[in-house]
Structure formats: structure tokens, C-alpha cells
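Residue numbers (the numbering used here): 789 to 869.
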């Protein structure tokens, strides 16, 4: 079967023609790169913005994301079903 993984970060982006660019896009891609098959990881920013949504998160540890400086804690969606 196919194992999907996802990474989510929230922030401002720049639209240039059909392209979406910016640090937010880069960070979301790096978060996705850390996710294991079947896992959805989110940044701390996204976790905070989803407070009250009914979604549950657990720490996925602190990770260094290439090109983004300081290590940061990521969170795993605990109830993706």
C-alpha cells in the first residue's frame, strides 16, 4: 500500500504567478521531511492556532530542520482518523 506522511506549518506566503514561495513553504516541507509514513507532523505555530479545534497533539521531539537555524519542537497529530 501507499504510506502518506504530511507536515504542516502556518504563516505568510508570497504568490508569484502560479508559484507559492516563502519561508513558510520551506518550513512546511522540512516538517514533512521529518514525518514517518502514516504520520502528520505540525509546527508549534500550527499547534497553537489549532487550539480548541478538537484535534489532539503529542510531542514528536525537537528537530533541526535544514536551513532553518535553531532546533524546534514538532508535534504529531494523535487522532488523524
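Glycine included, C-beta positions come from ideal geometry on N, C-alpha and C. Predicted model, so just to flag it, every value in this text is computed and none were measured.
How would you label residue i, buried or exposed, when you count the other beta carbons within 10 angstroms and need 16 or more for buried?
| i | result |
| --- | --- |
| residue 795 | buried |
| residue 866 | exposed |
| residue 828 | buried |
For residue i, list the residues DSSP reports as bridge partners.
| i | result |
| --- | --- |
| residue 807 | 804 |
| residue 795 | 829 |
| residue 861 | 850 |
What residue from the options has the CA that sits closest to residue i's CA?
| i | options | result |
| --- | --- | --- |
| residue 837 | 805, 804, 799, 825 | 799 |
| residue 792 | 824, 805, 802, 817 | 824 |
| residue 854 | 839, 820, 790 | 820 |
| residue 849 | 857, 826, 856, 822 | 822 |
| residue 797 | 847, 816, 804, 839 | 816 |
| residue 814 | 801, 805, 789 | 801 |
| residue 789 | 851, 805, 857, 826 | 826 |
> Touch check for the stretch 851 to 863 and the stretch 822 to 832: three-plus C-beta pairs under 8 Å?
Replying inline: yes
>> To test your reading of the DSSP string, which unbroken beta strand (DSSP E) runs of 3 or more residues are found completely within the stretch 827 to 852?
In response: 828 to 831, 845 to 851
> Would the stretch 837 to 844 and the stretch 809 to 825 be scored as touching if the rule is three or more Cβ pairs under 8 Å?
Replying inline: no
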